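Trainee: Numbering (our numbering), first residue to last: 42 to 176. Just so you know, even glycine gets a beta-carbon here, dropped at the ideal spot from N, CA and C. Model, not experiment: these values are computed from the prediction. Would you mind keeping the following structure in view while I ask a few things?
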Amino acid sequence: MEIGTYSFKDDLLYSKTHEWVKIEDDICIIGIDDYSQREIGEIAYIELPAIGNKVKQFELLCQIESVKTVLDIFTPISGTIIETNSEIENSPDLLNSKPYESWICKLKSSDLSEKINLMNIDEYAKYLKDIVANP
């Protein structure tokens with residue numbers, strides 16, 4: 042789906058802080074969306090979360106540094122980190138060029154019912170249109 046000049050995937054859930062999550066059984070793959078990567082600018086560094094960390098929904102997951110700012114990334118769903126993407130650790134700019142293929146981490150969810158607090162693509166499109174219209 043296109044929203045203005047931004048591109049989004051229909052099969053993901055989104056948070057108000059512009060993280061996406063793809064849920065496969067109880068495994069959640071987390072990344073940042075096209076809007077977020079464009080807002081932060083050229084990404085220079087990512088501090089990946091530690092494997093084994095337990096995180097709660099909407100708590101700090103990690104930080105991304107660009108040439109102009111540091112962006113806090115929040116976890117869209119609670120669980121335990123089981124894998125991180127070493128490819129983006131070595132080439133963080135992949136988050137700019139391929140925000141939906143360049144996931145940050147995978148976690149094993151401890152409460153899949155929390156997905157009710159996230160937005161599907163239609164809800165997110167409405168939310169984002171409000172943000173873009175009223176920055």
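In angstroms with no decimal places, state the Cα-to-Cα distance between Asp66 and Leu54.
Mentor: Mapped onto the sequence shown, residue 66 falls at position 25. Mapped onto the sequence shown, residue 54 falls at position 13. Whole-angstrom Cα-Cα distance: 14 angstroms.
Trainee: Would Asn137 and Leu89 qualify as a contact pair, given that the criterion is a beta-carbon distance under 9 angstroms?
Mentor: Numbered from its first residue, the sequence shown carries residue 137 at position 96. Numbered from its first residue, the sequence shown carries residue 89 at position 48. Cβ distance not < 9 angstroms, so Asn137 and Leu89 don't count as in contact.
Trainee: Measuring straight from C-alpha to C-alpha, what distance separates Glu155 and Ser132?
Mentor: Your numbering for residue 155 matches position 114 in the sequence shown. Your numbering for residue 132 matches position 91 in the sequence shown. Going from the Cα of Glu155 to the Cα of Ser132 covers about 31 angstroms.
Trainee: Measure the beta-carbon distance from Thr116 to Ile81 and round it to whole angstroms, keeping in mind my assumption that it falls under 8 angstroms.
Mentor: Translated into the one-based positions of the sequence shown, residue 116 becomes position 75. Translated into the one-based positions of the sequence shown, residue 81 becomes position 40. The Cβ separation is near 18 angstroms, so there is no contact.
Trainee: Can you give me the Cβ contacts of Ser150 inside the same chain, cut-off strictly under 8 angstroms, excluding the 5 residues immediately before and after it?
Mentor: Locating residue 150 in the sequence shown gives position 109, where the first residue counts as 1. So the qualifying residues of the chain are Ile64, Asp67, Ile68, Cys69, Ile118, Ser119, Gly120.
Trainee: Opposite Trp61 in the DSSP bridges: which residues?
Mentor: As a working note, residue 61 is residue 20 in the sequence shown. For Trp61, which the question treats as bridged, DSSP gives the partners Tyr55, Gly72.
Trainee: Are the beta-carbon atoms belonging to Asp140 and Ile73 less than 9 angstroms from one another?
Mentor: Along the sequence shown, read from residue 1 onward, the residue named residue 140 stands at position 99. Along the sequence shown, read from residue 1 onward, the residue named residue 73 stands at position 32. One point to set straight first is that residue 140 is Pro, not Asp, in the sequence displayed. For Pro140 and Ile73, yes; Cβs fall inside 9 angstroms.
Trainee: Starting from the N-terminal side, write out each stretch of the beta strand (DSSP E) that is 3 residues or longer and does not extend beyond the stretch 62-141.
Mentor: If we require 3 residues or more, the beta strand (DSSP E) runs fully inside the stretch 62-141 come out as 68-73, 84-88, 101-107, 111-115, 120-125.
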